[in-house]
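Asker: Taken in order, these protein sequences are the chains called A and B.
Following our numbering, the numbering of the first sequence begins with 10 at its first residue and continues without gaps.
Following our numbering, the numbering of the second sequence begins with 2 at its first residue and continues without gaps.
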Amino acid sequence: MTSKLNTPPQADNEARNVGRRTFLKMMAAGAAASALAACAAGAPAEVAAPAAAPTAVPTPEAVAGAGMMRPEGNPVRGGTLRTAFGVTMSHFDAHQGGGTHVLSHMYNNLVRNNLVDGLRTIIPDLAESWEVGEGGLSYTFALREGVTYHDGEAFSAQDVVATFNRILDPPEGIVSPLKANFTFVDSVEAVDDMTVRFNLSSPRPFFLNLLTPTNALIYSKKSLEEHNYDLREVIAPGTGAFRFVDHLPAEKWILEANPDYWDPELPYVDGIELLHVPAWSDRGTAVLTDQADMSWNVAKETWDEGKNRPDSVQANQLANFGAYWVFINNRESPFDDPRVRKAIHLAVSKQNLAAAFGTQELINITRWVPQGDPYATTPEELSTMPGYRAEKDEDIATAQQLMADAGYGDGLSGVELLAAAGPQGELLAPAFQDMLKRHLNIETEIRIVERALLGSEQQSGNYQLMVHTRGHSVSDISPRGNLWWATGGSQNFGGYSNPDFDALLGSIDVELDVETRVGQIADAQNLLDENPPEYLVGYTYHLPMWNNRVHGLALDRRIFAEWGRMETVWIDPDA
Amino acid sequence: MSKYLLNRLLIAIPTIFGVTVLIFLAMRVIPGDPLQLIVSESDGIYVLSEEELQAVRASLGLDQPYYIQYYDWMRQVISGDMGSSFWNKEPISGMILRRGPISAQIAIMAVLLSWLIGVPIGMLSAMWRNSLMDHLSRVGITVFIAVPSYWLGLLIILFSVLVFTWRPPITIIQLWEDPLGNLSMTVLPAMALGLGLSAATARMARSAALEVLFEDYIRTARAKGLRETLVVWRHVFKNAMLPVVTTTGLALGGLLGGAVSVETAFAVPGLGKLLVQGMTERDWMMIQNLVLLYGLIYVIINLLVDLSYAFLDPRIRYE
Numbered sequence: 010m011t012s013k014l015n016t017p018p019q020a021d022n023e024a025r026n027v028g029r030r031t032f033l034k035m036m037a038a039g040a041a042a043s044a045l046a047a048c049a050a051g052a053p054a055e056v057a058a059p060a061a062a063p064t065a066v067p068t069p070e071a072v073a074g075a076g077m078m079r080p081e082g083n084p085v086r087g088g089t090l091r092t093a094f095g096v097t098m099s100h101f102d103a104h105q106g107g108g109t110h111v112l113s114h115m116y117n118n119l120v121r122n123n124l125v126d127g128l129r130t131i132i133p134d135l136a137e138s139w140e141v142g143e144g145g146l147s148y149t150f151a152l153r154e155g156v157t158y159h160d161g162e163a164f165s166a167q168d169v170v171a172t173f174n175r176i177l178d179p180p181e182g183i184v185s186p187l188k189a190n191f192t193f194v195d196s197v198e199a200v201d202d203m204t205v206r207f208n209l210s211s212p213r214p215f216f217l218n219l220l221t222p223t224n225a226l227i228y229s230k231k232s233l234e235e236h237n238y239d240l241r242e243v244i245a246p247g248t249g250a251f252r253f254v255d256h257l258p259a260e261k262w263i264l265e266a267n268p269d270y271w272d273p274e275l276p277y278v279d280g281i282e283l284l285h286v287p288a289w290s291d292r293g294t295a296v297l298t299d300q301a302d303m304s305w306n307v308a309k310e311t312w313d314e315g316k317n318r319p320d321s322v323q324a325n326q327l328a329n330f331g332a333y334w335v336f337i338n339n340r341e342s343p344f345d346d347p348r349v350r351k352a353i354h355l356a357v358s359k360q361n362l363a364a365a366f367g368t369q370e371l372i373n374i375t376r377w378v379p380q381g382d383p384y385a386t387t388p389e390e391l392s393t394m395p396g397y398r399a400e401k402d403e404d405i406a407t408a409q410q411l412m413a414d415a416g417y418g419d420g421l422s423g424v425e426l427l428a429a430a431g432p433q434g435e436l437l438a439p440a441f442q443d444m445l446k447r448h449l450n451i452e453t454e455i456r457i458v459e460r461a462l463l464g465s466e467q468q469s470g471n472y473q474l475m476v477h478t479r480g481h482s483v484s485d486i487s488p489r490g491n492l493w494w495a496t497g498g499s500q501n502f503g504g505y506s507n508p509d510f511d512a513l514l515g516s517i518d519v520e521l522d523v524e525t526r527v528g529q530i531a532d533a534q535n536l537l538d539e540n541p542p543e544y545l546v547g548y549t550y551h552l553p554m555w556n557n558r559v560h561g562l563a564l565d566r567r568i569f570a571e572w573g574r575m576e577t578v579w580i581d582p583d584a
Numbered sequence: 002m003s004k005y006l007l008n009r010l011l012i013a014i015p016t017i018f019g020v021t022v023l024i025f026l027a028m029r030v031i032p033g034d035p036l037q038l039i040v041s042e043s044d045g046i047y048v049l050s051e052e053e054l055q056a057v058r059a060s061l062g063l064d065q066p067y068y069i070q071y072y073d074w075m076r077q078v079i080s081g082d083m084g085s086s087f088w089n090k091e092p093i094s095g096m097i098l099r100r101g102p103i104s105a106q107i108a109i110m111a112v113l114l115s116w117l118i119g120v121p122i123g124m125l126s127a128m129w130r131n132s133l134m135d136h137l138s139r140v141g142i143t144v145f146i147a148v149p150s151y152w153l154g155l156l157i158i159l160f161s162v163l164v165f166t167w168r169p170p171i172t173i174i175q176l177w178e179d180p181l182g183n184l185s186m187t188v189l190p191a192m193a194l195g196l197g198l199s200a201a202t203a204r205m206a207r208s209a210a211l212e213v214l215f216e217d218y219i220r221t222a223r224a225k226g227l228r229e230t231l232v233v234w235r236h237v238f239k240n241a242m243l244p245v246v247t248t249t250g251l252a253l254g255g256l257l258g259g260a261v262s263v264e265t266a267f268a269v270p271g272l273g274k275l276l277v278q279g280m281t282e283r284d285w286m287m288i289q290n291l292v293l294l295y296g297l298i299y300v301i302i303n304l305l306v307d308l309s310y311a312f313l314d315p316r317i318r319y320e
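This is the structure we're talking about:
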């Protein structure tokens, strides 16, 4: 793997230059046009430019005024979009974990990320506008009039209340993964038929972000009640731009345009065929050979081939919010010593791990906050930071001193490194093992288990070091930190506890001033570098590829990967 | 004959029973909990409590003792209902009926291809033993037996994508819906499977023909003044085919296994790919039923091969 591969294209870099929040401020000041022009311009660069820090709280009025989604160019109506990625799922309830990369096309959220500006702004969806109450303790949404579900039912505030009440307080037998995102929501109430209010126990500057993921969609109260609040077995009618037509298990989903969609301009295509293509290489060859129009993520070798065929396909690499980690069991000696964990953080080269794993997935060398988030550390800053820089001599010397200070100057032996069978166990784990041995004289034995077992091993604490994946649909450090690194966090399986971090995270949770929050998040990342809970290999890039007929999704300038709705897509039959 | 048939069918019962028990236990002994995979769909932001896990387990019938689970499965199978996928709750029989014809077609086309290529090469090679043609065909046979069909499939895909910007369709096209589209999906996988089988068939045909060529009745036929074409066609070919039929029959069962990897290489939505997906998703019910189906097919093919001997060789009688 070369550094070039890990460098996002210029479009991405310039996207970070703008930043979601900065962009909003600029837009409010009437500078949106120039900002967008800057996003689209430029040739690929070798070195990533630094991202500007966000400087202003997004003003709700500005966000609400961002308008409807209208793609660039002269959209042509008609045609069917064929996609290639895995479309199986164990059930159809998006709130209980059903696959929203398929389901979301049939529904709407209250607000969403704008498809046509590369997911840079939060825009109205079923909420037409909103107001933030005093101290950020309430959000009142004015809902869109005249919206109907696919079964003809009218949309109202009662649907939003029923949807979020199920999320916040799931009935017995209902699993609610989203509940952890909304622990600070005291209640959701219908002010009137077309107004709904969220009352918060404490402010959350990222509250709107939590409403944007593809799984935060709105179900009708009628559907929920008819099925006893469990929609796993039914494809409940939505309000979305596409309606369900057919589902052939492990083969494809067929959706058609909703003629009664509340935005009469959308969608442009007649329908979507979501083909089940689980293997990454097959997804790539399907796009290359025109059996599919686009895929969210293809195999690197087919992506490279696509890059060589600009006359027929286009490809991009997008920041993603899922990462590879080496989890460290903080409860077990010697890993209960922060100096040992920091030594590992410093001594193991992320660049080498990325190179070792390059045939499988592109690793985006990132700090604790992923690229694509406005608070992420820029690649340029990272390139000089201990633990992240390519030059390791100084880091290794510091790491060895830390080990000596902790009483392990001669190294360690008998450490177990748990990894899943397959590339994680065959590529990442040996590379990690080698660097531990060479730089810190830590001898490890790799234990390979089935991937499906890693989760239970992690939850039961039956590991010392574990190579595994973890992600979150929201990039902000607050929901992630509370789950993963806060003392007692529900997914803090390694038992990490850092009172300084806990206190800072509590402040970050509620801080509304962006300048202050920027500083706080920088401090939090410094704390995690100084006292790491685990080793972050890196977030991954997704490699979307699409043929030249596909327009309207801004795939060439998205700031992160989102496998979701596509109602702005249009197909140019002449391309 | 009927007594023999009955005996074979009776023997098949414990064989199938053994298969069901083995696959049932294997699914529960090998590492990997289907619930962990199903639950991990939820974006990684939620972990089920033990109570919630138990509830999901109960909804799939996995909280029952093994013998109850096995009994329930057998009861479903005997009643013609193969149950539903753990993963997507779809009836397994429906998926088998939709995908089975594709896999069967690929296997049959591969066998036909192996006969079309393998038998003539084997016969000619035997007739012109130690000629240049014989040497070349033996080299070819060795190569194609050694090359795994999966690897051959990958080469074919790579070549067709890079050179022709084409690949076989990735969605199901049934023969009766669109014959040309169906053939474009099945021909290349059948080739990948059939070329290896052709080599095995050619080798078997050659050795069987060589053996027959030195039989007394061949010498007698030639001494009678029978034309060489008739000698070969009436006496050598027919008698040499007996081991070829055996090989083909056994290979057909093997093709089912081979089809798993070849269907994966070509992304053909057949039963093999369904099995791989079932394994990935730890969909025990899917795997159990597919393995049971493969076992049944294997037993039936072996039975048919046995019975075909009587038709091919009049000396063989089963009474």
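All residues carry an ideal CB built from backbone N, CA and C; glycine is no exception.
On a predicted model such as this, the values are computed, not experimentally measured, just so you know.
Rounded to a whole number of angstroms, what is the C-alpha to C-alpha distance between Phe-253/A and Ser-80/B?
Answerer: One-based indexing of the first sequence puts residue 253/A at position 244. One-based indexing of the second sequence puts residue 80/B at position 79. Going from the Cα of Phe-253/A to the Cα of Ser-80/B covers about 32 angstroms.
Asker: Looking only at its chain, what residues have a beta carbon closer than 7 angstroms to the beta carbon of Val-277/B, apart from the 5 residues adjacent to it on each side?
Answerer: Counted from its first residue, the second sequence places residue 277/B at position 276. Contacts found: Val-261, Thr-265.
Asker: Cβ of Val-162/B less than 9 angstroms from any chain A Cβ?
Answerer: Position 161 of the second sequence, counted from the first residue, corresponds to residue 162/B. It does: the Cβ of Val-162/B has a partner Cβ on chain A nearer than 9 angstroms.
Asker: Less than 9 angstroms between CB atoms is the rule here; does Met-98/A satisfy it with respect to chain B?
Answerer: Numbered from 1 along the first sequence, position 89 holds the residue referred to as residue 98/A. Yes - at least one Cβ of chain B is within 9 angstroms of the one on Met-98/A.
Asker: Which full runs of the alpha helix (DSSP H) of 4+ residues lie inside the stretch 494 to 550 of chain A, going along the chain?
Answerer: Here the runs fully enclosed are 508 to 519, 523 to 539.
Asker: To which residues does DSSP link Lys-261/A through a beta bridge?
Answerer: Stepping through the first sequence from its first residue, residue 261/A is reached at position 252. In DSSP, Lys-261/A forms a bridge with Leu-257/A, Leu-284/A.
Asker: Could you please give the first and the last residue of the uninterrupted alpha helix (DSSP H) stretch that includes Phe-329/B?
Answerer: As displayed, chain B neither begins before 2 nor continues past 320, which places residue 329/B out of reach and without an answer.
Asker: What does a CB cutoff of less than 6 angstroms around Thr-109/A pick up in its chain, not counting 5 residues either side in sequence?
Answerer: Position 100 of the first sequence, counted from the start, is the residue given in the question as residue 109/A. Cβ neighbours of Thr-109/A beyond the five flanking positions: Ala-103, Thr-223, Asn-224.
Asker: Counting only beta-carbon atoms, is Asp-44/B nearer than 9 angstroms to chain A?
Answerer: Taking the second sequence and counting its residues from 1, one reaches residue 44/B at position 43. Because Asp-44/B sits at a pLDDT of 44, beneath the cut-off of 50, its placement in the model cannot be relied upon, and the following sentence gives the value as read from the coordinates. It does; some Cβ of chain A falls within 9 angstroms.
Asker: Assign Ile-14/B to one of two classes, buried (16 or more other C-beta atoms within 10 Å of its C-beta) or exposed (fewer than that).
Answerer: Translated into the one-based positions of the second sequence, residue 14/B becomes position 13. Per the 10 Å Cβ criterion, exposed.
Asker: What residue does the alpha helix (DSSP H) around Arg-204/B start on, and which one ends it?
Answerer: Within the second sequence, numbered from 1, the residue matching residue 204/B stands at position 203. Start and end: 180 to 214.
Asker: Going by beta-carbon coordinates alone, are Ala-301/A and Ala-295/A separated by less than 9 angstroms?
Answerer: Counting from one through the first sequence, the residue named residue 301/A turns up at place 292. Counting from one through the first sequence, the residue named residue 295/A turns up at place 286. Yes. Within cutoff.
Asker: Using Cβ-Cβ distances below 7 angstroms, what residues of the stretch 169 to 188 of chain B are close to chain A?
Answerer: If the cut-off is 7 angstroms between Cβ atoms, the stretch 169 to 188 of chain B has Pro-170, Ile-171, Thr-172, Ile-173 near chain A.
Asker: Nearest-angstrom Cα distance between Phe-160/B and Arg-100/B?
Answerer: Stepping through the second sequence from its first residue, residue 160/B is reached at position 159. Stepping through the second sequence from its first residue, residue 100/B is reached at position 99. Near 26 angstroms, if we compare the C-alpha coordinates of Arg-100/B and Phe-160/B.
Asker: Count the other CB atoms, across all protein chains shown, that sit within 10 Å of the CB of Leu-7/B; report buried if there are 16 or more and exposed otherwise.
Answerer: Taking the second sequence and counting its residues from 1, the one referred to as residue 7/B is at position 6. Exposed is the call here.
Asker: Under 8 angstroms Cβ-Cβ, which residues of chain A neighbour Trp-74/B?
Answerer: Position 73 of the second sequence, counted from the start, is the residue given in the question as residue 74/B. Going along chain A, no residue has its Cβ under 8 angstroms from Trp-74/B, so there is no contact; the nearest lies around 20 angstroms.
Asker: Tell me which same chain residues have a C-beta within less than 6 angstroms of the C-beta of Gly-123/B, skipping the five on either side of it?
Answerer: Taking the first residue of the second sequence as position 1, residue 123/B is located at position 122. Within the same chain, Gly-123/B has close Cβ partners Ala-203, Ala-206, Arg-207.
Asker: Pick helix, strand or coil for Met-280/B, following the three-state DSSP scheme.
Answerer: By 1-based counting over the second sequence, the position of residue 280/B is 279. Reduced to three states, the DSSP call for Met-280/B is helix.
Asker: Nearest CA to the CA of Thr-298/A: which residue from Gly-396/A, Ile-131/A, Val-527/A, Asn-556/A?
Answerer: Looking up residue 298/A in the first sequence gives position 289. Per the Cα distances, Asn-556/A.
Asker: For chain A, check one thing: does any of its Cβ atoms lie closer than 9 angstroms to the Cβ of Ile-288/B?
Answerer: Taking the second sequence and counting its residues from 1, one reaches residue 288/B at position 287. It does not; no Cβ of chain A falls within 9 angstroms.
Asker: Does any C-beta atom of chain B lie closer than 9 angstroms to the C-beta of Val-286/A?
Answerer: Position 277 of the first sequence holds residue 286/A. Output row for Val-286/A: interface = yes.
Asker: Figure out for me which residue from Gly-490/A, Val-523/A, Asp-522/A has the closest Cα to the Cα of Asp-509/A.
Answerer: Position 500 of the first sequence, counting from 1, holds the residue named residue 509/A. Nearest C-alpha to Asp-509/A: Gly-490/A.
Asker: With DSSP collapsed to three states, give me the class of Ile-451/A.
Answerer: Within the first sequence, the letter at position 442 stands for residue 451/A. Correct three-state label for Ile-451/A: strand.
Asker: Could you tell me whether any Cβ in chain A is nearer than 9 angstroms to the Cβ of Met-83/B?
Answerer: To locate residue 83/B, count along the second sequence from 1; it is residue 82. So, not an interface residue.
Asker: List the residues of chain A whose Cβ lies closer than 7 angstroms to the Cβ of Tyr-91/B, in chain order.
Answerer: Residue mapping note: residue 91/B aligns to position 90 of the second sequence, counting from 1. It should be noted that the sequence gives Glu, not Tyr, for residue 91/B. Per Cβ cutoff of 7 angstroms: Pro-258.
Asker: I think Asn-208/A touches Ser-147/A, with their Cβ atoms under 8 angstroms apart; what is that distance to the nearest whole Å?
Answerer: The residue labelled residue 208/A in the question sits at position 199 within the first sequence. The residue labelled residue 147/A in the question sits at position 138 within the first sequence. Their Cβ separation, rounded to whole angstroms, is 5 angstroms, which keeps Asn-208/A and Ser-147/A in contact under 8 angstroms.
Asker: Taking the C-alpha atoms as reference points, what is the distance between Tyr-7/A and Leu-371/A?
Answerer: Any question about residue 7/A goes unanswered here, given that chain A covers just 10 to 584.
Asker: For Met-475/A and Ala-428/A, I'd like the C-alpha separation in whole angstroms.
Answerer: By 1-based counting over the first sequence, the position of residue 475/A is 466. By 1-based counting over the first sequence, the position of residue 428/A is 419. Those two C-alpha atoms are separated by around 6 angstroms.
Asker: Please state if the CB of Ile-171/B and the CB of Ala-105/B are separated by a distance shorter than 9 angstroms.
Answerer: For the purposes of this step, residue 105/B is taken as residue 104 along the second sequence, with counting starting at 1. For the purposes of this step, residue 171/B is taken as residue 170 along the second sequence, with counting starting at 1. Not a contact, by the Cβ cut-off of 9 angstroms.
Asker: Quick check on the DSSP output: the alpha helix (DSSP H) that includes Ala-356/A runs from which residue to which?
Answerer: Here residue 356/A refers to the residue found at position 347 when the first sequence is read from its first residue. Run containing Ala-356/A: 347 to 356, per the alpha helix (DSSP H) assignment.
Asker: I'd like to know if Met-96/B contacts chain A, where contact means its C-beta is closer than 9 angstroms to some C-beta of that chain.
Answerer: One-based indexing of the second sequence puts residue 96/B at position 95. With 9 angstroms as the cut-off, Met-96/B counts as an interface residue toward chain A.
Asker: Which residue's Cα is closest to the Cα of Leu-313/B: His-236/B, Met-128/B, Gln-175/B, Gly-195/B?
Answerer: As a working mapping, residue 313/B is identified with position 312 in the second sequence. The candidate whose alpha carbon is nearest that of Leu-313/B is His-236/B.
Asker: Whole angstroms is fine: what's the gap from Tyr-158/A's alpha carbon to Asp-320/A's?
Answerer: Counting from one through the first sequence, the residue named residue 158/A turns up at place 149. Counting from one through the first sequence, the residue named residue 320/A turns up at place 311. Approximately 41 angstroms, taken between the alpha carbons.
Asker: Here's the rule I'm using: 16 or more other beta-carbon atoms within 10 Å means buried, otherwise exposed. How should Gly-197/B be labelled?
Answerer: What you label residue 197/B is simply residue 196 of the second sequence in a count that begins at 1. By the neighbour-count rule (16 or more Cβ atoms within 10 Å), Gly-197/B is buried.
Asker: Starting from Ala-56/B, find everything on chain A with Cβ-Cβ shorter than 8 angstroms and list it in chain order.
Answerer: Position 55 of the second sequence, counting from 1, holds the residue named residue 56/B. Per Cβ cutoff of 8 angstroms: Gly-182.
Asker: Could you give the uninterrupted runs of the beta strand (DSSP E) lying entirely in the stretch 226 to 291 of chain B, keeping only those of 3 residues or more?
Answerer: Entirely contained in the stretch 226 to 291 of chain B, not one beta strand (DSSP E) run reaches 3 residues.
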